[in-house]
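Visitor: Just dropping this structure here.
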Amino acid sequence: MSRVSARKPHRSKTRMGLLLALFLLVLLLIAGATYEARAARGDAQRYPPPGRLVDVGGYRLHLNCTGRGAPVVVLDSGLGDSSLVWVRVQEPLARRARVCSYDRAGIAWSDPGPPPRSDQKSVEELYTLLHNAGEPPPYILVGHSSGVNRVRLFAHTYPEAVAGLVLVEPPLLAEASPMFVAALTALRRLIGALARVGGVRLLGKLGWMGLLFGGSDPPPELAQRAGFLYNPQSMRASVEETQALPETIRAVTLAATPQAWDAWPVVIIAAYRGAAPRPDLAASLDHLARLSTRGRVVFVQGSHFVLFEHPERIVQAIQTILQAAP
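Structure, rendered in structure tokens:
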């Protein structure tokens, strides 16, 4: 028998194996999509919004306000995240102050907003949301991760409506290269694909949601609702937010003029791993804090999700600004 004829059965078996694997993969994807579609139908009844839906011009955004007092504290979450990421901050803080968290257009309980999407548009929607809900300014604005960008844009757009800023894990704008944005967009699309076949819902049920948060365990309230909070619609909104990052960075950079925040107290909270913060990180954040004569930086040891691991540090920072408010 020639070598060529001897290879034919082997190649045939390889092709059959690949076809079988492909067939099983298609079956798995169909089963996952069916599971997700059935589970999603009951989400609205199982997970009603903790706050209320407020019209902002033909579509509604979810706003959850608790506690009493003034000024109102407004919490803005990071890229694609819902208002529930703040639960460990909002619950204790609401015993002492009025606190509002919200979902941006298209995320969690909020309706999709009109295209094109941008962080500047989200800022304008937030201002309208608070006004229409009867939550009066000025506000203490608290942002996490990319939420810091929106907080900074809000302060630039509506300075008269601001009483102070707390910036939790602010992104280093110089590191947001086109390659970084492309990689982040691809990751968000991947999570969206996972959501469409029930993968994110399954992670929540198995208690593995930490995989989506860099190993940090999210609050149970978030993990239990994972399939709903990170549904395909929310992930599409997350992709749109990611694609708008270059425009946001340009706007935030232009707004960062010397003493731009002089009117307000500012606290920056940053996490680090290892023995000490990186010198370049410390220098960058010190430069940011100097936009206010009352700015300071607080370092905590841990991961990017300070609001999961050290919520008490965020609460303390907000309280210092509340005490300084007139």
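Residue numbers (this note's numbering): 234 to 559. Beta carbons are placed, not taken as given, at the ideal position from N, Cα and C, and that holds for glycine.
If you draw a straight line from the alpha carbon of alanine 484 to that of arginine 285, how long is it in whole angstroms?
Guide: The residue you call residue 484 lines up with position 251 of the sequence shown. The residue you call residue 285 lines up with position 52 of the sequence shown. Alanine 484 and arginine 285: Cα-Cα distance of roughly 31 angstroms.
Visitor: At what residues does the alpha helix (DSSP H) containing isoleucine 580 begin and finish?
Guide: Given a span of 234 to 559 for the chain in the structure shown, any question on residue 580 remains unanswerable.
Visitor: Under DSSP, the beta strand (DSSP E) around alanine 503 begins and ends at which residues?
Guide: Residue numbering aside, residue 503 sits at position 270 when the sequence shown is read from its first letter. It spans 499-505 - the beta strand (DSSP E) in which alanine 503 sits, taken as one unbroken run.
Visitor: Let me make sure I understand the geometry here. Which of Phe446, Val306 and Leu294 has the alpha-carbon closest to that of glutamate 358?
Guide: Stepping through the sequence shown from its first residue, residue 358 is reached at position 125. Nearest of Phe446, Val306 and Leu294 to glutamate 358, Cα basis: Leu294.
Visitor: Nearest to serine 315 by alpha carbon, out of Val305, Ala303 and Tyr335?
Guide: Within the sequence shown, numbered from 1, the residue matching residue 315 stands at position 82. For the residues Val305, Ala303 and Tyr335, the minimum Cα distance to serine 315 belongs to Tyr335.
Visitor: Distance, Cα to Cα, aspartate 450 vs threonine 247?
Guide: In the sequence shown, the residue the question calls residue 450 occupies position 217. In the sequence shown, the residue the question calls residue 247 occupies position 14. Answer to the nearest angstrom: the Cα atoms are 42 angstroms apart.
Visitor: Classify glycine 291 as buried or exposed, calling it buried when 16 or more other Cβ atoms lie within 10 Å of its own Cβ.
Guide: Taking the sequence shown and counting its residues from 1, one reaches residue 291 at position 58. Exposed, by the Cβ-count rule.
Visitor: Are leucine 326 and valine 414 close, meaning C-beta to C-beta below 8 angstroms?
Guide: The residue labelled residue 326 in the question sits at position 93 within the sequence shown. The residue labelled residue 414 in the question sits at position 181 within the sequence shown. No; because the gap between Cβ atoms is not below 8 angstroms, this pair is not in contact.
Visitor: Would you grab the beta carbon distance between glycine 339 and alanine 470 for me? Rounded to a whole angstrom, and I think it's under 8 angstroms.
Guide: Here residue 339 refers to the residue found at position 106 when the sequence shown is read from its first residue. Here residue 470 refers to the residue found at position 237 when the sequence shown is read from its first residue. So it is a contact: roughly 3 angstroms between Cβ atoms.
Visitor: Here's the rule I'm using: 16 or more other beta-carbon atoms within 10 Å means buried, otherwise exposed. How should serine 310 be labelled?
Guide: Working through the sequence shown from its first residue, we reach residue 310 at position 77. With 16 or more other Cβ atoms within 10 Å, it is buried.
Visitor: Do you know offhand how far alanine 303's Cα is from proline 392's?
Guide: Mapped onto the sequence shown, residue 303 falls at position 70. Mapped onto the sequence shown, residue 392 falls at position 159. Taking the straight line joining both Cα atoms gives about 17 angstroms.
Visitor: Can you check the segment 325-410 for any beta strand (DSSP E) of at least 3 residues that lies completely inside it and give the ranges in chain order?
Guide: Taking only runs of at least 3 residues, the beta strand (DSSP E) segments lying wholly in the segment 325-410 are 332-335, 372-377 and 395-401.
Visitor: Among Asn382, Leu296 and Leu524, which residue has its Cα nearest to the Cα of threonine 481?
Guide: To locate residue 481, count along the sequence shown from 1; it is residue 248. Nearest of Asn382, Leu296 and Leu524 to threonine 481, Cα basis: Asn382.
Visitor: May I ask you to report which of helix, strand or coil DSSP gives histidine 295?
Guide: The sequence position of residue 295 within the sequence shown is 62, counting from 1. In this structure, histidine 295 counts as strand in the three-state DSSP scheme.
Visitor: Tell me the rounded alpha-carbon separation between leucine 514 and glutamate 454.
Guide: Position 281 of the sequence shown, counting from 1, holds the residue named residue 514. Position 221 of the sequence shown, counting from 1, holds the residue named residue 454. Taking the straight line from one Cα to the other gives about 32 angstroms.
Visitor: Have a look at valine 348 and valine 356 and give me their C-alpha separation to the nearest angstrom.
Guide: Taking the first residue of the sequence shown as 1, we reach residue 348 at position 115. Taking the first residue of the sequence shown as 1, we reach residue 356 at position 123. Correcting the residue type first, residue 348 is proline in the shown sequence and not valine. Computed Cα separation, rounded: 15 angstroms.
Visitor: Is the CB-CB distance between alanine 341 and serine 467 below 8 angstroms?
Guide: Indexing the sequence shown from 1 puts residue 341 at position 108. Indexing the sequence shown from 1 puts residue 467 at position 234. It is a contact, given that the beta carbons lie within the stated cut-off.
Visitor: Pairs of beta-carbons, one from the segment 489-508 and one from the segment 456-464, closer than 8 angstroms: are there three or more?
Guide: No: the two stretches stay apart, fewer than three of their Cβ pairs being nearer than 8 angstroms.
Visitor: Could you give the distance in angstroms between the alpha-carbon of isoleucine 424 and the alpha-carbon of glutamate 473?
Guide: Residue mapping note: residue 424 aligns to position 191 of the sequence shown, counting from 1. Residue mapping note: residue 473 aligns to position 240 of the sequence shown, counting from 1. Roughly 14 angstroms between the two C-alpha positions.
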